[in-house]
Every structure is written in C-alpha cells, then in structure tokens.
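One structure is given below, encoded as structure tokens.
2 protein chains.
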Amino acid sequence: MTDAYTALEQRFARLTALAGSLAVLQWDTRTMMPAGAADGRAEQIAAMDVTRHELLTSLDVGEWLAEAQADTAALSSWQRANLREMAWTYDHAMAVPADLVEAHSRACTRCETAWGPARATGDFKALQPLLQDVLHREREVAAAKAARLGCNPYDALLDGYEPGLRASLIDPLFAELETFLPSFLAQVMDEQAARRSGSVPGGPFPVERQRAVAERLIGTLGFDFSRGRLDESLHPFCAGTAFDTRLTTRYDEANVAPALMAVLHETGHGLYEQGLPSDWAHQPVGASRGMVVHESQSLLIEMQACRSRPFIGHLARVLDDGFGDADVAWDADALYDAYTRVEPGFIRVDADEVTYPAHILLRWRLEQALLSDDLVLADLPVAWNDGMRDLLGIVPPDDRLGCLQDIHWPSGAWGYFPTYTLGAIMAAQLFATVCRDVPEVPDHLARGDFGPLLAWLRRHIHGQASRLLTRELLIEATGRPLQLQPYLDHLHGRYLGWSA
Amino acid sequence: MTDAYTALEQRFARLTALAGSLAVLQWDTRTMMPAGAADGRAEQIAAMDVTRHELLTSLDVGEWLAEAQADTAALSSWQRANLREMAWTYDHAMAVPADLVEAHSRACTRCETAWGPARATGDFKALQPLLQDVLHREREVAAAKAARLGCNPYDALLDGYEPGLRASLIDPLFAELETFLPSFLAQVMDEQAARRSGSVPGGPFPVERQRAVAERLIGTLGFDFSRGRLDESLHPFCAGTAFDTRLTTRYDEANVAPALMAVLHETGHGLYEQGLPSDWAHQPVGASRGMVVHESQSLLIEMQACRSRPFIGHLARVLDDGFGDADVAWDADALYDAYTRVEPGFIRVDADEVTYPAHILLRWRLEQALLSDDLVLADLPVAWNDGMRDLLGIVPPDDRLGCLQDIHWPSGAWGYFPTYTLGAIMAAQLFATVCRDVPEVPDHLARGDFGPLLAWLRRHIHGQASRLLTRELLIEATGRPLQLQPYLDHLHGRYLGWSA
Numbered sequence: 001m002t003d004a005y006t007a008l009e010q011r012f013a014r015l016t017a018l019a020g021s022l023a024v025l026q027w028d029t030r031t032m033m034p035a036g037a038a039d040g041r042a043e044q045i046a047a048m049d050v051t052r053h054e055l056l057t058s059l060d061v062g063e064w065l066a067e068a069q070a071d072t073a074a075l076s077s078w079q080r081a082n083l084r085e086m087a088w089t090y091d092h093a094m095a096v097p098a099d100l101v102e103a104h105s106r107a108c109t110r111c112e113t114a115w116g117p118a119r120a121t122g123d124f125k126a127l128q129p130l131l132q133d134v135l136h137r138e139r140e141v142a143a144a145k146a147a148r149l150g151c152n153p154y155d156a157l158l159d160g161y162e163p164g165l166r167a168s169l170i171d172p173l174f175a176e177l178e179t180f181l182p183s184f185l186a187q188v189m190d191e192q193a194a195r196r197s198g199s200v201p202g203g204p205f206p207v208e209r210q211r212a213v214a215e216r217l218i219g220t221l222g223f224d225f226s227r228g229r230l231d232e233s234l235h236p237f238c239a240g241t242a243f244d245t246r247l248t249t250r251y252d253e254a255n256v257a258p259a260l261m262a263v264l265h266e267t268g269h270g271l272y273e274q275g276l277p278s279d280w281a282h283q284p285v286g287a288s289r290g291m292v293v294h295e296s297q298s299l300l301i302e303m304q305a306c307r308s309r310p311f312i313g314h315l316a317r318v319l320d321d322g323f324g325d326a327d328v329a330w331d332a333d334a335l336y337d338a339y340t341r342v343e344p345g346f347i348r349v350d351a352d353e354v355t356y357p358a359h360i361l362l363r364w365r366l367e368q369a370l371l372s373d374d375l376v377l378a379d380l381p382v383a384w385n386d387g388m389r390d391l392l393g394i395v396p397p398d399d400r401l402g403c404l405q406d407i408h409w410p411s412g413a414w415g416y417f418p419t420y421t422l423g424a425i426m427a428a429q430l431f432a433t434v435c436r437d438v439p440e441v442p443d444h445l446a447r448g449d450f451g452p453l454l455a456w457l458r459r460h461i462h463g464q465a466s467r468l469l470t471r472e473l474l475i476e477a478t479g480r481p482l483q484l485q486p487y488l489d490h491l492h493g494r495y496l497g498w499s500a
Numbered sequence: 001m002t003d004a005y006t007a008l009e010q011r012f013a014r015l016t017a018l019a020g021s022l023a024v025l026q027w028d029t030r031t032m033m034p035a036g037a038a039d040g041r042a043e044q045i046a047a048m049d050v051t052r053h054e055l056l057t058s059l060d061v062g063e064w065l066a067e068a069q070a071d072t073a074a075l076s077s078w079q080r081a082n083l084r085e086m087a088w089t090y091d092h093a094m095a096v097p098a099d100l101v102e103a104h105s106r107a108c109t110r111c112e113t114a115w116g117p118a119r120a121t122g123d124f125k126a127l128q129p130l131l132q133d134v135l136h137r138e139r140e141v142a143a144a145k146a147a148r149l150g151c152n153p154y155d156a157l158l159d160g161y162e163p164g165l166r167a168s169l170i171d172p173l174f175a176e177l178e179t180f181l182p183s184f185l186a187q188v189m190d191e192q193a194a195r196r197s198g199s200v201p202g203g204p205f206p207v208e209r210q211r212a213v214a215e216r217l218i219g220t221l222g223f224d225f226s227r228g229r230l231d232e233s234l235h236p237f238c239a240g241t242a243f244d245t246r247l248t249t250r251y252d253e254a255n256v257a258p259a260l261m262a263v264l265h266e267t268g269h270g271l272y273e274q275g276l277p278s279d280w281a282h283q284p285v286g287a288s289r290g291m292v293v294h295e296s297q298s299l300l301i302e303m304q305a306c307r308s309r310p311f312i313g314h315l316a317r318v319l320d321d322g323f324g325d326a327d328v329a330w331d332a333d334a335l336y337d338a339y340t341r342v343e344p345g346f347i348r349v350d351a352d353e354v355t356y357p358a359h360i361l362l363r364w365r366l367e368q369a370l371l372s373d374d375l376v377l378a379d380l381p382v383a384w385n386d387g388m389r390d391l392l393g394i395v396p397p398d399d400r401l402g403c404l405q406d407i408h409w410p411s412g413a414w415g416y417f418p419t420y421t422l423g424a425i426m427a428a429q430l431f432a433t434v435c436r437d438v439p440e441v442p443d444h445l446a447r448g449d450f451g452p453l454l455a456w457l458r459r460h461i462h463g464q465a466s467r468l469l470t471r472e473l474l475i476e477a478t479g480r481p482l483q484l485q486p487y488l489d490h491l492h493g494r495y496l497g498w499s500a
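Residue numbers (the numbering used here), protein chains in the order written: chain A, 1 to 500; chain B, 1 to 500.
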C-alpha cells in the first residue's frame with residue numbers, strides 16, 4: 001500500500017464523516033427543525049458543502065490520486081475499487097467551482113424549506129422564484145460537469161446519482177415502457193372491473209397504533225433499531241449512515257396503507273444501508289452503489305416481497321393483531337386485492353405499481369425540458385397537467401396534487417427520478433433470481449420470515465457496497481445486465497394472472 | 001474596513017455556521033441518536049472539530065488578524081469587539097495541536113455516550129477507563145493553553161468558558177461562601193422546622209400534561225417556538241443558536257417540580273440565545289458572552305424570578321389549570337414553601353438554592369485535584385462521598401446519586417462548574433438592579449407578565465452579546481463589577497425573611 005493511498009484513505013474517512021454529519025442535518029431539517037431556522041440552516045449546510053468541497057479538491061488530493069493510480073500492484077481488489085470511487089468523487093467535485101457549490105447549496109436549502117408551506121397551500125407562484133434559482137444553479141452544475149466528464153449535461157446529472165448511468169441506457173427502456181403501459185393499464189382496469197373484491201376494515205386508525213404496527217413490521221424485516229429510528233416527515237425518506245439509519249413516514253388516520261407501504265419501502269432502503277460492510281464504513285467503496293441499486297432494494301422489499309400474495313397473508317394477521325376487533329376481520333384475499341389495486345391517481349408516492357412508471361415518465365420528460373430551457377418554469381403547472389392527461393387520463397385540480405407534490409426538484413435532485421423506475425426494473429430481475437436460487441423464499445415470506453431473502457441480498461447486493469459498478473454487480477448477482485423482461489413478466493403475472 | 005477584516009468576517013461566518021451544525025449534532029446525540037451510532041457519531045464530531053480547527057488556525061487567519069489589528073481606525077465599536085473575539089478564539093485554537101483536538105474530541109464523545117448507561121446502573125468502573133482518557137486529554141489541552149495564554153492550566157480551562165475568568169476571582173468568593181454556607185444552612189433548617197407548611201397536590205402528573213404546562217409557561221416567558229423546540233433528555237440542557245434554540249427537560253410522573261423548574265432554568269438560557277442581535281448572528285461578537293453570563297440568565301429566570309413569591313402566585317393558577325381538579329386546589333403559599341424548601345440532597349440539578357453552591361464547591365475542589373493529579377480517578381467515588389459528608393452531611397448510597405450524576409466531566413467540560421455559582425451571584429446582582437430600575441417588575445411577575453423584565457435583559461445583557469468583556473458588561477448594567485453581597489442579601493431575604 002502506497003503512502004499516497006493511505007493519505008487518501010485518511011482524507012476520505014474525514015469526508016465520509018462530514019457527509020454523515022450533513023445527513024443528520026438534512027434529516028433534522030425535514031423532521032425536527034423549527035420553521036424560523038430555515039435561513040440559518042441554509043448557511044450551515046452551505047458551510048458544510050463548501051468545506052467538504054475544499055477538502056476534496058485540494059491540490060494534495062489530485063497528487064495523491066495520480067500517485068496511487070500509478071502503482072496499484074500492492075492494493076487489494078477492495079482498495080482498487082475504493083481508489084476508483086475516490087477518483088469518481090474527485091472528478092465530480094473538481095468539475096464545479098467552489099462558489100457555485102455554495103450558491104447551489106444555499107439555493108437548494110432555501111427552496112426545500114419553502115416547499116413545505118408552498119405545497120400545503122398549493123402555491124406554485126410562491127415557490128417559483130426559489131425554484132428558478134435552483135434550476136439556474138442546477139444548469140450551471142450540469143454544464144460544468146458535462147465539460148469535465150465529456151458527456152452531455154443531463155448524463156452528467158444522472159452520473160451523480162448512479163455512476164455510469166447514461167440517457168442512452170434509459171431512453172430505449174423508457175420508450176418501450178411508454179408503448180407498453182397504456183394498453184397494459186387498460187387491460188388491468190378491465191380485468192379489475194370484472195372482478196368482485198372483498199372489503200378491508202375502514203378507519204380510523206390512530207397514529208400511535210399505526211406507529212406500533214409499523215415498528216413491529218420493520219423489526220420483522222430485519223431492521224436494527226439499535227442503529228436506526230422511525231420518525232415522521234411530510235415526505236417519507238430514508239437518510240443517514242450504516243450505523244444510524246433513519247426512516248420516516250407520514251400517517252393518515254383514515255387509511256393505514258399509505259404509512260405502512262411507505263415504511264416498508266423506506267425499510268428496503270434502510271436494510272441496504274444497515275447491510276453495508278462495516279470494515280469499509282468510512283470509505284467511498286463502503287457506500288451504497290447508487291440510487292438505482294438503492295431503489296431496487298426499496299422496491300424489492302415493498303413491491304416484490306411485501307405486496308406478494310404470500311406475504312399479504314402474514315400482513316393480514318399483523319393488521320388483525322394491531323387494529324382488529326372481534327367483529328371485523330382482515331381477510332387476506334381482500335387485502336391482496338386492495339394492496340394490488342390499480343387506479344390512476346395524482347400522487348406519485350401513493351401510486352400503485354402499474355401507474356407509477358407513468359409518474360416517472362412525466363418527470364423525466366419535464367426535467368429534461370426544464371434543464372434545456374425547452375420549457376420555462378412558469379409553464380410547469382400547465383405542462384404537468386397536460387402530461388398527466390396524456391399519460392394517465394386525469395388532471396390534477398391544483399398544484400398541491402400536481403407539480404408541487406415532490407421534494408426532489410426543490411432540494412436540487414434533478415436527474416434523480418429515472419432511478420425509481422430503473423430500480424423497479426432491477427428489483428424484478430433480482431427477485432426473479434432470488435426465487436430461482438432460493439425457492440423457499442415465498443414460503444418464508446408467508447410466515448413473515450425475511451431471513452432467507454435478506455441473507456441473499458446481504459451477500460449479493462448489500463455486502464458488495466461499491467466494489468463493482470452497477471452493471472457488473474447485476475451480472476454477478478443475476479448473470480445478466482439490466483433487462484426489462486422480468487419486470488414485464490412480474491406485471492403480467494401479478495395483474496393479469498399470467499405466470500412467467 | 002480593511003480587506004483583512006472582511007476576509008476574517010467571511011472565515012468566521014463559516015466557522016460560526018459549522019459550530020451551529022455541531023450544536024445540532026450534539027443535541028441529536030443527547031436526544032435522538034440510536035445507541036449503536038455512538039462510535040460513528042464520535043468520528044463525525046471529531047471530523048467537525050478537526051476541520052474547524054484547521055480553518056481557524058490556517059496561516060492566512062494569523063496574517064489577517066495581524067493586519068486588521070494594525071489598523072482598526074475604520075472599524076465600528078462592534079467590529080473592533082468582533083476582532084477582539086476573533087483573536088481570543090484564534091489564541092485558544094492555536095494553543096492546541098490538531099492531533100490533540102481530534103483525540104480530545106473523540107475521547108469526549110465516546111465517554112459522554114457511555115455515561116448514560118453507566119449512570120443508569122451506577123457503574124463507575126465501566127466509565128472509568130473512558131473518563132481517564134478524557135481527563136488525560138483535558139490535562140494536555142490545559143497545559144497547551146496555559147503555555148500560550150501565560151496563565152496556569154486551570155485558569156486556561158476557565159478562560160475557555162468565560163473569557164478573562166481566573167481562579168483569583170473565584171477563590172475569595174468561594175472561600176467566603178464556604179464559611180457562610182454551613183451556619184446559614186443550619187439557620188434555614190431550624191427556621192423551616194419551626195414553620196408549618198400547607199401541602200401541594202400529589203401526583204401522578206402525566207407526562208403529556210406536564211409537557212403542555214411547560215410549553216405554556218415557556219411561551220409566557222417569551223420563548224419563541226418558531227425558532228426553538230422543547231424535547232426530552234437524560235440531563236436537561238439548552239443548545240443551538242439564536243435562530244434554532246433547543247431546550248430539553250426530563251419528566252417524573254410522581255413530581256411536577258423537577259421538569260418544571262428545569263424547563264424554566266433552560267428557558268433562561270434560551271431567552272438569552274434568542275435575544276442575541278440578529279445583525280451579528282454569524283460573527284463571534286454576536287455570540288453569548290460566556291458561561292457565567294449564560295448561567296446568570298438561567299438563574300435569574302429560575303431562581304430570582306420564577307421562585308419569587310409574586311410569580312409563584314401566578315404559577316399556582318397555571319398548575320391549577322393544568323392539573324387541578326375540583327377537590328384539590330394549588331395554594332400559592334404552600335407552593336412557595338414547597339418551591340423554596342431547603343433540604344440537603346444528592347442530586348445537583350434537583351438541589352435547592354441554598355445547598356446548590358455546596359454541590360459546586362465539591363466539584364470545584366475535585367476537578368482541580370483530578371487535573372493536578374492530587375486525586376487519582378479510581379478514588380473519585382470515595383472522595384466525592386467524603387466531600388458530600390463534609391459539605392452537606394449526607395453520603396450518596398451509590399455512584400448514580402454520586403459522582404456519575406453529571407454529564408460535564410464525561411463530555412469534557414472541566415473548569416465549567418464554577419460558572420454555575422458565579423452565575424447565581426451575578427443573577428442576584430442583576431435582579432436587584434432590575435427591581436431598582438424597574439420597580440413594577442414584581443407586580444408584573446405576579447400576573448405572569450415577563451415583558452418588563454425581558455425588555456431590561458434584552459437591552460442590558462442579551463442585545464449586548466459579546467460587545468463587552470464580562471466585567472464591563474456588568475458595570476454598564478449594574479454600576480459595579482461582580483459582588484457577593486446582593487446574593488447573600490437575596491438568600492437572607494428569601495430564606496430567613498430579612499429584607500435587604
């Protein structure tokens with residue numbers, strides 16, 4: 001091991017620790033912070049961003065990288081991968097000048113904080129100048145990164161969320177989906193209309209009892225509460241580190257499904273974080289691979305495992321314990337029908353599995369148009385509503401249910417949305433492989449036992465962290481790069497009763 | 001204004017923002033963090049400490065300071081004071097090498113985290129090695145600072161909490177108190193024994209209702225919840241910034257007094273923070289003056305105002321609203337007797353005003369002995385219990401009620417304890433001045449109106465931030481430097497019925 005490599009490990013350990021601190025600040029911003037602290041918090045986060053940027057782009061880091069890359073013979077495969085991840089981080093950071101890092105950070109924190117009240121009142125005009133500032137900075141960042149990475153600006157943003165991801169991978173998959181979805185959705189709606197479903201108990205479901213049920217389920221899935229928490233926020237998320245993984249959800253007393261399904265989704269993210277190899281916890285190679293892989297883990301847990309018929313049988317018993325009374329039982333078949341019900345709706349995070357990709361296609365189109373200035377921000381509400389009409393045949397009555405619903409753009413996450421649907425596609429491919437490799441998984445899920453599934457994920461995905469690039473990771477785990485077919489098979493199987 | 005001064009303001013704005021982030025991390029460590037995250041959090045805090053230290057001690061800061069100090073003609077009085085505070089911060093930082101900063105930070109975070117479980121079980125042996133490490137680092141820090149500041153090591157630690165504070169100021173005051181207290185305490189106990197008091201309603205007091213009463217009272221005092229929070233922690237504290245001030249307390253369902261009085265105390269700290277001048281929020285001169293002044297604000301609110309007979313009349317009505325039922329009334333005289341009851345006890349934070357200084361004298365003796373190696377850490381439990389016997393005539397049955405009760409030493413706050421009693425002395429001097437300058441203050445307190453008191457504090461203390469040194473601040477506010485007499489007058493007046 002060279003001195004240069006050792007120096008890099010020390011520097012990146014500090015950067016990882018500062019990133020962990022920043023994750024706590026961001027969690028706090030969304031869950032605990034009093035409203036009047038927003039401006040001051042923006043300064044705090046900007047100071048962290050600028051400081052991390054300086055530590056990453058200092059002259060010595062570039063010299064150490066060159067020296068370490070020139071002599072990798074003594075490094076282990078994990079160390080070589082670590083070096084590759086360091087270089088990737090360095091390239092992204094070097095691309096953006098420090099004053100732009102600071103301006104971008106400040107714009108995002110301010111806009112994200114204003115988003116909560118603007119969303120609550122559906123007031124797009126109130127958010128527009130702050131969002132315009134974010135978009136302006138985002139364009140500058142994309143252009144700067146594109147110049148250094150030698151790709152186009154949108155690819156440069158995608159690469160920041162999933163190293164190596166390019167529009168050229170997304171475009172054919174999403175084009176095929178755009179063709180597939182309308183007719184498939186129509187078939188599913190017809191099939192549903194022809195079927196008579198039982199009913200599940202109605203509310204109210206007190207928040208305290210929902211929380212207790214959620215915590216019990218999370219524990220069943222294997223989430224370790226000695227290294228994590230569950231809280232509330234406007235928009236469910238998972239944040240933190242392997243040793244301090246924080247999930248949030250939001251409760252609706254009239255309906256238990258939204259909180260519960262959000263929790264199961266975020267737990268999928270949390271299990272990934274908690275399963276990262278502790279030996280590499282303080283280095284880039286020890287981090288999760290990227291947001292496509294991350295989303296594959298949340299969707300594998302939520303969509304593939306927890307909405308499967310075997311697990312729903314177990315879930316009905318859990319809900320019966322948590323909310324049941326002597327008169328009203330939770331019937332597993334009725335619950336399965338309810339939790340796999342397809343219905344076009346306005347809110348992405350509440351969307352079913354079939355209509356969800358349409359929400360992503362909309363955002364994917366719009367964010368590219370906004371970034372390239374083919375769409376001006378003032379026209380976003382109209383463009384959003386037009387897109388919803390095209391894709392799902394419904395029009396949001398206000399911007400609260402339309403273009404204000406997501407925190408992503410206000411918080412500076414542009415080029416992020418495609419990772420959700422790419423993650424769904426990857427989840428299907430992974431779950432099909434698990435069920436082939438470990439055929440008893442569905443039986444275990446029927447008993448609420450996630451052990452065999454989690455063991456497979458720990459070995460093939462979580463424990464690999466960033467040792468491999470996404471394509472290689474997927475090939476090692478499933479034998480093939482990303483395929484659309486298992487996802488289409490899964491949708492056919494679940495919603496039209498075809499077996500693959 | 002010179003370029004050097006402007007460059008300093010920019011650097012210190014970043015340092016202030018990073019210190020604010022650190023305050024959120026520390027609050028989180030004590031209120032929210034899952035237990036398993038302790039080691040990782042220690043790394044995060046150490047990374048923040050090291051990074052701030054580097055930004056503060058870089059070559060350019062020393063050069064800017066020299067240049068700005070050479071030409072202060074164009075600076076306002078606030079800017080000149082800001083420069084003085086910057087130099088003070090720089091001197092403290094330059095004294096300690098970076099690797100010691102890191103080792104000290106890590107030792108403190110680890111020990112502080114282990115303190116919770118050790119205290120719960122009264123297991124001093126479990127904490128001892130971690131506390132030994134903190135003490136070892138603390139001695140190194142004290143020696144390094146003493147060398148640069150040209151004072152003795154204990155003075156160097158005192159100076160870190162209240163600039164300019166020296167043992168030579170404390171020693172005569174504390175010596176007089178050591179003489180005064182035993183006979184005074186005996187007199188008060190006799191007087192109390194001769195009196196028959198009414199009784200106040202017993203519990204249980206549900207936590208939710210205690211929290212509601214606490215929030216109502218805090219609001220009455222003038223605490224702004226749009227820029228602050230109230231949470232729970234093992235040890236009550238106030239942390240954060242002027243724009244995000246976080247109070248904590250702990251609840252006991254059997255007794256409402258501990259949570260309530262802790263909340264009023266912490267609110268005194270919180271009002272100080274929230275009253276700092278917003279124009280200087282991001283500069284050293286805009287910070288609170290020091291821990292003696294801070295403690296004077298908490299004790300002025302808790303001891304001088306909230307345990308005064310006029311306010312207790314109002315408090316009885318608040319408690320009647322919050323907990324009363326038709327059969328049991330809260331009688332103001334009985335409440336006043338209860339809330340000014342003197343009784344030697346084991347726990348400092350639950351101690352009455354008369355025995356409290358004895359707790360401080362004990363810690364002040366012991367921490368000097370430990371730092372100078374006159375006392376070895378293994379002997380602390382015995383020395384503690386011996387001291388309690390000497391000073392208050394009682395012996396803790398276990399270390400939970402003895403030397404494990406406070407978070408200060410485990411978290412690296414050595415030389416801090418004297419600020420509590422110095423603060424009590426200052427609080428008496430300030431409150432006597434307020435009541436002379438604004439004679440209607442007691443009548444307002446009787447109606448639960450803190451407006452005139454808060455206005456005086458905002459003008460003379462809070463709004464002054466660190467513009468003046470403590471001695472000058474006190475002279476401007478009261479006409480004199482720190483005096484013991486108003487404190488003794490207050491104790492005589494309240495506990496033996498003498499008027500001053």
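Yeah, the Cβ is synthetic: ideal placement off N, Cα and C, and Gly gets one too.
Is residue 385 (chain A) helix, strand or coil when you go by DSSP? Helix, per DSSP.
Any contact between the stretch 375-382 of chain B and the stretch 423-442 of chain B? By contact I mean 3 or more CB pairs, one from each, below 8 Å. No, the stretch 375-382 of chain B does not touch the stretch 423-442 of chain B.
Which residues, in order along the stretch 218-251 of chain B, keep a beta-carbon less than 9 Å from a beta-carbon of chain A? Flagged, chain order: 224, 225, 226, 227, 228, 229, 231, 240, 241, 242, 243, 244, 245 and 246.
N- and C-terminal bounds of the alpha helix (DSSP H) containing residue 181 (chain B): Looking at the DSSP string, the run of the alpha helix (DSSP H) that includes residue 181 (chain B) is 167-194.
What first and last residue would you give for the beta strand (DSSP E) that runs through residue 230 (chain B)? Unbroken beta strand (DSSP E) run through residue 230 (chain B): 228-232.
Could you tell me which residues DSSP pairs with residue 239 (chain A) in its beta bridges? Listed as beta-bridge partners of residue 239 (chain A) by DSSP are A:246.
Give the interface partners of residue 25 (chain B) over in chain A, defined as CB-CB distance under 7 Å, in chain order. What residue 25 (chain B) touches in chain A, judged by beta-carbon distance under 7 Å, is 21 and 24, going in chain order.
Enumerate in chain order the residues of its own chain whose CB-to-CB distance from residue 246 (chain A) is below 6 Å, with the five nearest sequence positions on each side excluded. Sequence-distant Cβ neighbours of residue 246 (chain A) in its own chain, meaning closer than 6 Å and more than five residues away, are 27, 229, 239 and 240.
State yes or no: is the beta carbon of residue 430 (chain A) nearer than 9 Å to at least one beta carbon in chain B? Closer than 9 Å: no.
With a cut-off of 8 Å on the beta carbons, I'd call residue 415 (chain B) and residue 158 (chain B) a contact; round off their distance for me. About 5 Å separates the beta carbon of residue 415 (chain B) from that of residue 158 (chain B), a gap short enough to meet the 8 Å contact definition.
What does residue 97 (chain B) reach in chain A if we use C-beta pairs closer than 9 Å? Near residue 97 (chain B) there are no residues of chain A at all, since even the closest Cβ is about 16 Å away, more than 9 Å.
Exposure of residue 333 (chain A), with buried meaning 16 or more beta-carbon neighbours within 10 Å: That one is exposed.
Are the C-beta of residue 436 (chain B) and some C-beta of chain A separated by less than 9 Å? It does not: the Cβ of residue 436 (chain B) has no partner Cβ on chain A nearer than 9 Å.
Cβ closer than 9 Å: which chain B residues qualify as neighbours of residue 282 (chain A)? Listed along chain B are 40 and 43, each with a C-beta nearer than 9 Å to that of residue 282 (chain A).
For residue 500 (chain A) and chain B, any beta-carbon pair shorter than 9 Å? The pLDDT assigned to residue 500 (chain A) is 42, lower than 50, so where the model puts this residue is not dependable; a value taken from the coordinates is nonetheless given after this. Not an interface residue.
Sequence ranges, alpha helix (DSSP H) only - wholly within the stretch 118-159 of chain A, length at least 4: Complete alpha helix (DSSP H) runs here, min 4: 124-149.
Can you check which of these residues, A:140, A:254, A:303 and A:340, is closest to residue 197 (chain A) by C-alpha distance? In this structure, A:340 is the residue among A:140, A:254, A:303 and A:340 with its C-alpha nearest to the C-alpha of residue 197 (chain A).
If you measure from the beta carbon of residue 36 (chain B) to each beta carbon in chain A, is any gap under 9 Å? Interface residue, yes.
From A:202, A:309, A:40 and A:400, residue whose alpha carbon lies closest to that of residue 256 (chain A): Of the candidates A:202, A:309, A:40 and A:400, the one whose C-alpha sits nearest the C-alpha of residue 256 (chain A) is A:202.
Are the C-beta atoms of residue 50 (chain A) and some chain B residue less than 9 Å apart? Chain B contact via Cβ: present.
Taking the DSSP output, what are the residues bridged to residue 252 (chain B)? For residue 252 (chain B), which the question treats as bridged, DSSP gives the partners B:255.
Own chain, CB closer than 8 Å to residue 188 (chain A), minus 5 neighbours either side, in chain order: Only 342, 354, 495 and 496 meet the Cβ criterion.
Is the closest heavy atom of the ligand ADP to the C-beta of residue 395 (chain A) under 8 Å? For the ligand ADP, the structure offers nothing, since it holds no ligand at all.
Among the candidates A:182, A:307 and A:96, whose CA atom is the shortest distance from the CA of residue 493 (chain A)? Closest in C-alpha terms to residue 493 (chain A), from the list A:182, A:307 and A:96, comes A:307.
Pair every Cβ in the stretch 128-139 of chain A with every Cβ in the stretch 259-266 of chain A, then say whether three or more of these pairs are closer than 8 Å. With contact defined as three or more Cβ pairs closer than 8 Å, the stretch 128-139 of chain A and the stretch 259-266 of chain A are not in contact.
With three or more C-beta pairs closer than 8 Å as the rule, is the stretch 474-482 of chain B touching the stretch 89-109 of chain B? Touching, no, given that fewer than three Cβ pairs across the two stretches are closer than 8 Å.
Hey, is residue 81 (chain B)'s beta-carbon within less than 9 Å of any beta-carbon in chain A? At a cut-off of 9 Å between beta-carbon atoms, residue 81 (chain B) makes no contact with chain A.
Own chain partners of residue 9 (chain B) with C-beta closer than 6 Å, once the 5 adjacent residues on each side are dropped: Sequence-distant Cβ neighbours of residue 9 (chain B) in its own chain, meaning closer than 6 Å and more than five residues away, do not exist here.
Flag residue 7 (chain A) as yes if its beta-carbon sits less than 9 Å from any beta-carbon of chain B, otherwise no. It does not: the Cβ of residue 7 (chain A) has no partner Cβ on chain B nearer than 9 Å.
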